[in-house]
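**Student:** Please see the structure below; I have some questions.
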Amino acid sequence: MKKGPIPRTILNRLYYRDKLSMKDIADGLEVTFPTIEYWMKKYNFVRRSNSNSAYCKLNPNGDPFNVKKRLKRKEKDLLLTGLMLYWAEGGKSIRSSLQLANLDHRMLQVFVKFLREICRVHEKRLKLYVRVHKKFNKEKSREYWAKKLKMSPNRILVYTHTDARSKIHKQWSKYGIATLQMHNSRLRNWIDNTIEEHLGRLLNS
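Under the working numbering, read the sequence shown as residues 1 to 205, first letter to last.
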């Protein structure tokens, strides 16, 4: 790009619509970072926070989910069930991730139904990790969980554990423990906040 003013419309499109970082814009237009910074200030453009910029880079096409707002009665039941299930059983250690693990396929079936029908997540963002005893068949385990959760086998990783203290006759399921996972901080925040809202209404009524 030749030296000179950067048109407001171009900068607006690249930064807000295309969600490029200021560095990416500078590289694309072949100008320095301070040049982009100058025109951002000149046009009074509000800069994204570092966390928001990182999120946009990880999700260039926008949020990989679209929470359904108008719910029928059965969908409201599914919403509450999914929220309470995550509150009771969901992983809490990683703030940017949703994780739910269990041996009982029904628990994961309910939660994945909640993610698909209420949160309307992008299917390709769902992953399943299955931990099985080394004596069991990994491929049969993959087929089992793929069928139960209606998920592509390509998104199911089955791995064995070799804990010497774990005896095969003590295993609850030959298909292993499955962990359903999706990485997205905004969806996790929405679920956490919605759980708190429902608990507040329930406990204060």
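Positions of the beta carbon are idealized from the N, C-alpha and C atoms, including for glycine.
Once DSSP output is grouped into helix, strand and coil, what is the label at N44?
**Tutor:** Note: N44 maps to coil in three-state DSSP.
**Student:** Just the C-alpha distance for L126 and H183, rounded to the nearest angstrom, thanks.
**Tutor:** When rounded, the distance between both Cα atoms is 8 Å.
**Student:** Relative to the C-alpha of R186, which candidate in R73, Q109 and V121 has its C-alpha closest?
**Tutor:** For R186, the nearest C-alpha among the options comes from V121.
**Student:** Taking 8 Å as the cut-off, does the region 77 to 91 touch the region 52 to 63 (at least 3 CB pairs, one atom from each stretch)?
**Tutor:** Taking 8 Å as the limit for Cβ pairs, the verdict is that the region 77 to 91 does not touch the region 52 to 63.
**Student:** Does DSSP put M182 in a helix, in a strand, or in coil?
**Tutor:** Three-state DSSP puts M182 in a strand.
**Student:** Taking the continuous alpha helix (DSSP H) assigned at K19, which residues delimit it?
**Tutor:** Per DSSP, K19 belongs to no alpha helix (DSSP H) and is neither H nor E.
**Student:** For the pair the region 143 to 156 and the region 70 to 84, tell me if three or more CB-CB distances fall below 8 Å.
**Tutor:** Verdict: no, contact absent.
**Student:** Output yes or no for whether 7 Å exceeds the beta carbon distance between W145 and L128.
**Tutor:** Result yes, Cβ atoms of W145 and L128 sit closer than 7 Å.
**Student:** Out of L29, I118, A26 and E139, state which residue places its alpha-carbon closest to the alpha-carbon of L80.
**Tutor:** The residue with the shortest Cα to Cα distance from L80 is I118.
**Student:** Give me the DSSP bridge partner(s) of Y159.
**Tutor:** Answer is R131, bridged to Y159.
**Student:** Please list, in chain order, all residues of the same chain as R8 whose beta carbon is under 7 Å from its beta carbon, the five residues on each side excluded.
**Tutor:** These residues qualify, in order along the chain: Y43.
**Student:** Could you check whether V110 and A178 sit closer than 7 Å to each other, using their CB atoms as the reference points?
**Tutor:** No, these two residues do not count as a Cβ contact at 7 Å.
**Student:** To the nearest angstrom, report how far apart L202 and V46 are at their CA atoms.
**Tutor:** If you take the alpha carbons of L202 and V46, they lie about 39 Å apart.
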